[in-house]
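Colleague: Per our numbering, residue 526 is the first one in the sequence shown, and the count goes up by one each step.
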Amino acid sequence: MNKKSMKKRLQSDLKPSRYEHTLGVEYTSACLAMRYGCDVEKADLAGLLHDCAKHLPDRKKLRLCKKKKIQISPAEQNNPGLLHAKLGAVLAKEVYGIKDEEILSAIEWHTTGKPEMSLLDKIVFIADYIEPNRDQAPHLDQIRQMAFTDLDQCLLMILKQTLEYLESKGAEIDPMTLETYQYYMK
526 MNKKSMKKRL QSDLKPSRYE HTLGVEYTSA CLAMRYGCDV EKADLAGLLH
576 DCAKHLPDRK KLRLCKKKKI QISPAEQNNP GLLHAKLGAV LAKEVYGIKD
626 EEILSAIEWH TTGKPEMSLL DKIVFIADYI EPNRDQAPHL DQIRQMAFTD
676 LDQCLLMILK QTLEYLESKG AEIDPMTLET YQYYMK
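(1) Rounded C-beta distance between Gly-613 and Ala-578? I'm assuming under 8 Å.
(2) Taking the alpha-carbon of Pro-640 as reference, which of Ala-610, Gly-562, Met-531 and Thr-705 has the nearest alpha-carbon?
(3) Per DSSP, what kind of secondary structure is Leu-539 in: helix, strand or coil?
(4) Going by the beta-carbon positions, is the gap between Ala-631 and Ala-555 smaller than 8 Å?
(5) Assign Pro-605 to buried or exposed, taking buried as 16 or more other Cβ atoms, counted over all protein chains shown, within 10 Å of its Cβ.
(6) Which residue's Cα is closest to the Cα of Lys-533: Leu-684, Ile-595, Leu-574 and Ala-672?
(7) Report the three-state DSSP secondary structure of Cys-590 (helix, strand or coil).
(8) Within its chain, find whatever has a CB closer than 7 Å to the CB of Met-682; leave out the 5 residues flanking it on each side and keep chain order.
(9) Would you call the region 584–592 and the region 679–698 in contact, with 3 or more CB pairs under 8 Å?
(10) Smallest Cα separation from Ser-530: which of Asp-666, Tyr-690 and Val-620?
(11) For Val-565, which residues of its own chain have a beta-carbon under 7 Å away from its beta-carbon, when the five flanking residues on both sides are left out?
(12) Among Val-649, Met-710, Leu-703 and Leu-680, which residue has its Cα nearest to the Cα of Val-550?
(13) Quick one: Cα of Gln-707 to Cα of Ser-598, how far?
(14) Short of 7 Å in beta carbon distance, which residues of its chain neighbour Leu-629, apart from the five on each side in sequence? Order them along the chain.
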């Protein structure tokens, strides 16, 4: 599938605000890739497809994950919305024809992160948080600047803020997010 077809499919699948977010992540991923010497085309595609499974209802996400033998953590079972990242990697491969494992990894880990993230993993994770249409996170201007000066510090700051936000809401924390934060604290 070519990029134009991908965008057309995403635009029909996603709510308008989610599609705008997707284009923002695509753009920001490409910008960060240029800054850090990562493959711009890979970053662009990973950013474009990162939320390709976001539109699926929670029950369908759970059903598809079971069908595709995607492991579901207790946190994901309780909050199936988190599964859009893992399922998105599968859909990117099966529906959008992405074969590049680095792109698929960036899609899979864009929500929770993981220890030992690749440069592309970090770029898409950060782009999802800082893209131009986002405006709710505290210290967003500082985080956006940091994204272009120190990728690892930016990643750590986003993880810390995410954990603090989830704790303040009494929301369940995916263990991978905590593991990622602890890994990058070292």
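Using N, Cα and C, we set each Cβ at its ideal position, and we do this for glycine too. Owing to the predicted nature of the structure, the values given are computational and were not obtained by experimental measurement.
Modeller: This is what the structure holds:
(1) Yes, they are in contact, since the Cβ atoms of Gly-613 and Ala-578 sit about 4 Å apart, within 8 Å.
(2) A check of alpha carbon separations from Pro-640 across Ala-610, Gly-562, Met-531 and Thr-705 identifies Thr-705 as the nearest.
(3) Residue state, collapsed to three classes: coil.
(4) No, Cβ-Cβ distance for Ala-631 and Ala-555 is not below 8 Å.
(5) With 16 or more Cβ atoms within 10 Å of its Cβ, Pro-605 is classed as buried.
(6) The residue among Leu-684, Ile-595, Leu-574 and Ala-672 with its C-alpha nearest the C-alpha of Lys-533 is Leu-574.
(7) In this structure, DSSP gives Cys-590 a helical state, which the three-state scheme calls helix.
(8) Cβ within range, chain order: Ile-668 and Met-671.
(9) Verdict: no, contact absent.
(10) Closest by alpha carbon: Val-620.
(11) Counting only Cβ-Cβ distances below 7 Å, and skipping sequence neighbours, we find Ala-555, Ala-558 and Met-559.
(12) Nearest neighbour of Val-550 by Cα position, chosen from Val-649, Met-710, Leu-703 and Leu-680, turns out to be Val-649.
(13) In a straight line, the C-alpha of Gln-707 is about 19 Å away from that of Ser-598.
(14) Ala-614, Ala-617, Lys-618 and Ile-623.
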